[in-house]
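Numbering (this note's numbering), first residue to last: 1062 to 1359.
As structure tokens, the structure follows; a few thoughts come after it.
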């Protein structure tokens, strides 16, 4: 629980919609942080399951906010609005933190003066992904000015991020535009505004990987990715980039979207690989994807 004299303080924002049994575990992992005082803000986005019962069981240990169902971006923003701390950390209701997560992030922030800190992430859940690291080579985790690298790929897990509250408010928090990938858009907005990122190489975040973790609506996901990258390219920072970087960013959206689609719809994947080549013909992967797709159809 908050105390008047604690420093530093981190506000943990947990959005919940029909979280079931996972929610209690996530909250416990937030409350169990060592060497770090936290306030845990749980925003119940109109759940119709036993979420309210779960939240009530924690009593005054958490700040529980109930609202009609409004979607993930508005739910996270409601939590940010309620935060009182210098730092805000995000935790999805089905993910977990190791006890040292926030304290190590605060140490990294103090050492680097970064405005955002992320940790390595361990996937768990589905058999084929158990114990896989998001960053297999922790020493190469990107740090500093990450705008160009984030244009090429959203390599963050939202539950791994801790961000200065002032920085979040300066970029208007998560976009509530349904045509954007709201998390990727926020990281790009922070980077475009000059926020520098630090990394904790230890896998202190556990990301639940289960059936349905990725949308099967590949057309929709491609559209969200493309809209997000195009928006970033229209910022002052984006417009200042060399044309080669801009073209590669657009090509990457098409290439990644095609990769996800290759097994289920090879014909459409080939078309998206072609789009990638039109943006940037010097990457071998789309050419290989086209050959593989054509051979698979023969």
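C-beta atoms are modelled at their ideal positions from N, C-alpha and C, and glycine is treated no differently.
- Excluding sequence positions up to five before and after residue 1218, its CB lies within less than 7 Å of the CB of 1182, 1195, 1266 and 1268, all in the same chain and listed in chain order.
- The Cβ-Cβ distance between residue 1207 and residue 1150 does not fall below 7 Å.
- Shown here for residue 1081: same chain residues with a beta carbon closer than 7 Å to its own, the five before and five after excluded, namely 1110 in chain order.
- In the DSSP annotation of this structure, the continuous segment of the beta strand (DSSP E) that includes residue 1268 starts and ends at 1258-1270.
- In this structure, residue 1222 and residue 1179 form a Cβ contact; the two beta carbons are roughly 5 Å apart against a cut-off of 8 Å.
- In this structure, DSSP gives residue 1336 a helical state, which the three-state scheme calls helix.
- DSSP places residue 1170 in no beta strand (DSSP E) but in the uninterrupted alpha helix (DSSP H) bounded by 1162-1173.
- One alpha carbon belongs to residue 1107, the other to residue 1354, and they sit about 43 Å apart.
- Using a 10 angstroms sphere on the CB of residue 1200, the tally of other CB atoms stays under 16, which defines it as exposed.
- For residue 1075, the enclosing beta strand (DSSP E) starts and ends at 1070-1077.
- Using a Cβ distance threshold of 7 Å, residue 1152 and residue 1085 do not count as a contacting pair.
- The residues 1106, in chain order, have a CB closer than 7 Å to that of residue 1131 in the same chain once the five nearest residues on each side in sequence are set aside.
- Within the model, the alpha-carbon separation for residue 1203 versus residue 1257 is close to 11 Å.
- In the three-state reduction of the DSSP assignment, residue 1142 falls in the helix class, which pools H, G and I.
- For residue 1304 and residue 1290, the gap between their C-alpha atoms comes out near 14 Å.
- Within the same chain, 1178, 1180, 1223 and 1261 come within 7 Å of residue 1166 by CB-CB distance, once the 5 residues on both sides are set aside.
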